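Q:
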Amino acid sequence: MVHLHERFKAFLKSRWLVFVCAIWIQSFTGIGYLFGSISPMIKSIMGYNQRQLSLLGVVKTLGGSVGFVAGSLSEVLPIWGLLLIGALQNFVGYGLLWYIVHRRWSGVPLWVNFPKNRGPVVGILKGFCGLTGATLIQVYAIFNFPDKASLIFMVAVGPTMVVIAFMFVVRPVEGHKQVRESDDSSFLFTYSICLVLAAYLLGVLILEDTLNLNQSIITLLAIGLIILIVLPIIIPVVLVFFSTPQPSSEEKLLANPLLPRQDTSELILSEAEEERTSELDALPAFERRKRLAHLQAKLDFAYPRPLAMAMLQVIMAFGFFYYAMGWPGQIYVVTVLIGLGYGSHWAILPAAVSELFGLKSFGALYNFLTLSNPAGSLIFSEALASGLYDYYAEKQASLLLQNPISTLGQDKSLTCLGTICYSLTCGILSGLCIVAAMLSLVVVYRTRRVYTQLYGSSNSLI
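Take the sequence shown: its position 328, counted from the start at 1, is 328 in UniProt numbering, and no numbers get skipped.
(1) In or out: Q453 buried (at least 16 other Cβ within 10 Å) or exposed?
(2) Where do the ends of the alpha helix (DSSP H) carrying N373 lie?
(3) Taking the continuous alpha helix (DSSP H) assigned at W346, which residues delimit it?
(4) What does a CB cutoff of less than 6 Å around T29 pick up in its chain, not counting 5 residues either side in sequence?
(5) Taking its Cβ as the centre, do 16 or more other Cβ atoms sit within 10 Å of S185, making it buried, or is it exposed?
(6) Suppose the cutoff is 6 Å on Cβ atoms and the five residues either side in sequence are ignored; what does the same chain contact list for A87 look like?
(7) Report the option in I38, M316 and C416 whose CA atom is closest to the CA atom of F153.
(8) Counting beta carbon pairs with one atom in the region 302-317 and one in the region 437-450, are three or more of them shorter than 8 Å?
(9) Would A199 be called buried (16 or more neighbouring beta carbons within 10 Å of its own) or exposed?
(10) Please confirm whether A385 and Y422 have their CB atoms less than 8 Å apart.
(11) Of the choices F91, R180 and L205, whose alpha-carbon is the least far from that of G133?
(12) Work out the CA separation of F128 and P120 for me, nearest whole Å.
(13) Is it the case that the region 323-332 contacts the region 344-356, given that we only count it when at least three CB pairs across the two stretches are under 8 Å?
(14) Does W80 come out as helix, strand or coil in the three-state DSSP assignment?
(15) Does P40 come out as helix, strand or coil in the three-state DSSP assignment?
(16) If you measure between the beta carbons of L197 and I229, is that distance less than 8 Å?
(17) Just the Cα atoms here: how many angstroms apart are I137 and L151?
(18) Alpha carbon to alpha carbon, how far is R180 from L253? Give it in angstroms, no decimals.
(19) Give me the Cα-Cα distance between G376 and V170, rounded to the nearest whole angstrom.
(20) Within 10 angstroms of the Cβ of D390, are there 16 or more other Cβ atoms? Answer buried if so, exposed if not.
(21) Can the beta-carbon of A222 be found closer than 8 Å to that of I142?
(22) Quick check for students: name the residue ranges of the alpha helix (DSSP H) that lie wholly in the UniProt domain "Nodulin-like" (113-237), counting only runs of 4 or more.
(23) Are the CB atoms of A156 and F91 nearer to each other than 8 Å?
(24) How about L201 and L131: are their beta carbons less than 8 Å apart?
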């Protein structure tokens, strides 16, 4: 019984349990991606045109991105305090939006637990966050609400309940002392779950769009979705209850960054913490050199993260150009390529910032970077894309109704059809992605010394 109690305490302190709970929170808190599902409802009820709706989207993005205040507070408040504040903000904000639509009223960084796996942690969390919209829609389909505006109410209540449920679990748990050789396979399993979940959601959405499914089948599909989301809990359960704990000396040896004696070559890990490990010095000379050679071999394959960003921006440029040219299957090609580039960008950028500026005040730095979202939305969505959309919509309506364009300005339900609506916008964005790729290469050149110190010789860093 005592042994089981100790295992349960270890389970509560497991960094993988924290990571899985963070995944669950992210699976229901990326509600900004749900704006496309609720915006038609808001547009019709509130009588907005496309420009007004885009401006609302910019404000939504601005509210979700001005988080440098929360990032600064993360250095003072505990993580559960920040999560509670976010949950209350979500409930009040979307609760008021639901109230308005009903016409009842007019008018923290988790890689502190995974210091050597910053990229995978950020990528997985952003992946689950990006699936929030499709996830909430499927959960919403279970209840079969007659009123579509109830989706907004569920967005206000559901994520709030999830965040409050796990806000005391998501916390630092001395993850650097829990490093295991099974980390790679655990991350691979979590990656696989994320990919399977994305493919599952895509298949479900296609089925719902092409077939007339009854409520029972929809409920079964939603239950399968929930099972996939819960499945990562297997990792901490197996590691704590069904695996043999490593000796404490080996855990420290694997966890602490290594700096060998003066008679060996200098080795600097990504944490840039110069610590000497007594357990390493106690090993035989052959074993010590073997471990150092193994680590150095891994580092020799390193490359600057901004280089990956440049490559992804070129891919996004091709996706925008493909749509602008009106080639076959453009909507599918642009969706895949832009989604790949955008998601990868926000998985790489936080890790790159942590490498270049460190983890001190990282919350404020990261949330300051997210201001690029509302800034870009204001310029390219509200000003550029919406203006061109309304222009072509009015032009099409004038050709159809043979009325002067000036008399159509009062029509708030104009709709543009065809690729012409966004082709010019995508062409402009394609050029801007090329410029961004060139700027990323400049960053690669300017930071080559930093990455050389972090990851190895400059021969591997261009």
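The beta carbon of each residue, even a glycine, is placed where N, CA and C say it ideally should be.
The structure presented is a predicted model; accordingly, all values stated were derived computationally and were not measured.
A: In terms of the structure at hand:
(1) exposed
(2) S372 to G376
(3) Q330 to F357
(4) P159
(5) exposed
(6) T160, V163 and I164
(7) I38
(8) yes
(9) exposed
(10) yes
(11) L205
(12) 12 Å
(13) no
(14) helix
(15) helix
(16) yes
(17) 8 Å
(18) Because L253 sits at a pLDDT of 47, beneath the cut-off of 50, its placement in the model cannot be relied upon, and the point is left open.
(19) 31 Å
(20) buried
(21) yes
(22) 118-130, 132-143, 150-166, 183-210 and 215-230
(23) yes
(24) yes
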